[in-house]
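Presented below is the structure to which this report refers.
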Amino acid sequence: MDVGKSEGAPMTADNTVEFLDLYNRLERLIRERYNLSRDGGAIAWLLSRDKAPRALRDELDYCREVRNFLQHNERIDGSYAVIPSDAMLDALRSTLERFEDMGAAEDVCTRREKIRVATMDEPLRPVLRDMAEHGYAHVPILADGRVVGVLSESTVLSYLVDDMALEIPETATLKQLERLLSLDAHEPGRFAFVARREPADEVAELFQASLRQANRLVMVFVTEHGRPDERLLGIITAWDLAKFF
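First residue of the sequence shown: -11, per our numbering; consecutive thereafter.
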């Protein structure tokens, strides 16, 4: 019995051996990435928790079914009852390579040292000037290395409207906008925190899920364990994750 369609050279038992080897390598990779125990199947766990990348779910589920058949059915006259096709091997190799290339949040983020950040006591005008010149839509506000707020164009507009001001005073600092800068002051769902070892495809799923919400996720902050009270290590935007969509 063969699985999948294949053209060219005939399939052999070597296909089954290679299939099982590739599958086991993928299982080990998923266990390591998600810190799973050896109990139960890692791919089954991934699928049951809807954590598999959308583009790979069907392939993973099909491979899992084939592997289960091979695992739980005895050989016939010493030969495997199922021989995966070359096309299936190619799909499994591609899936394994995709997982190997995904990396973690810390691998795809823009590092802290390359981010334009600000503090509450910083003059407002120079920050706005940098935003305009470099095209920054959002600037994280830090205190002791932790994210305590975000400055955006809408924040400045709200400040001018609330104060009925026509321009920003030269002496204005971010402190004067503090109530508008805090993360709680922004619309829910605009920002999120993830751990540095969070799989990059999981972060991509956060952005993907937000497309179905009223407020889209615009920036993810990377910290050691994904907590807001930890120092900022980097940021991730949808542009950083384009290959996962």
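Note that CB positions come from ideal geometry on N, CA and C, so glycine has one too.
Would you report the Cα separation of phenylalanine 209 and tryptophan 227, rounded to the nearest angstrom? 14 Å
Just tell me which of Glu218, Tyr68, Phe57, Met90 has its CA closest to the CA of leucine 17. Met90
Distance between alanine 69 and arginine 200 (C-alpha atoms, nearest Å): 44 Å
Tell me which residue opens and which closes the beta strand (DSSP E) that threonine 211 is part of. 207 to 211
Can arginine 240 and glutamate 212 be called in contact, C-beta distance under 7 Å? For the chain, the structure presents residues -11 to 233; residue 240 sits outside this window and is missing.
Measure the Cβ-Cβ separation of valine 191 and alanine 93 and say whether it is below 7 Å. yes
Shortest alpha-carbon distance to phenylalanine 195 belongs to which of Leu112, Leu229, Glu20? Leu229
Where does valine 54 fall in DSSP's three states? helix
From the DSSP secondary-structure annotation, give me the bridge partner or partners of leucine 259. Shown here, the chain extends from -11 to 233; a query on residue 259 therefore has no answer.
How many Å lie between arginine 42 and leucine 84 at the Cα? 15 Å
So, with DSSP's three-state summary, where would you put isoleucine 103? coil
Backbone CA spacing between arginine 45 and threonine 225 [nearest angstrom]: 24 Å
Selected residue, minimal CA-CA separation from glycine 137, among Asp118, His122, Ser146, Leu162: Leu162
So what's arginine 13 in DSSP terms, helix, strand or just coil? helix
Let me know the secondary structure DSSP gives valine 182 once reduced to three states. strand
Please report how far the alpha carbon of leucine 112 lies from the alpha carbon of methionine 207, in whole angstroms. 21 Å
Start-to-end residues for the alpha helix (DSSP H) that takes in isoleucine 31: 30 to 36
Mind checking asparagine 3: buried by the 16 CB within 10 Å criterion, or exposed? buried
Own chain partners of valine 96 with C-beta closer than 7 Å, once the 5 adjacent residues on each side are dropped: Ala188, Ile224, Asp228, Leu229
Closest to alanine 75 by CA distance: which of Arg19, Ala120, Arg100, Glu47 is it? Glu47
Nonlocal neighbours in the same chain, by C-beta distance under 8 Å from leucine 171, ignoring five residues either side: Val135, Val136, Gly137, Val138, Phe179, Pro216
At the level of alpha carbons, what is the spacing between lysine 98 and arginine 26? It should be pointed out that residue 98 corresponds to threonine in this sequence rather than to lysine. In a straight line, the C-alpha of threonine 98 is about 34 Å away from that of arginine 26.
Determine the DSSP secondary structure at threonine 161, reduced to helix, strand or coil. strand
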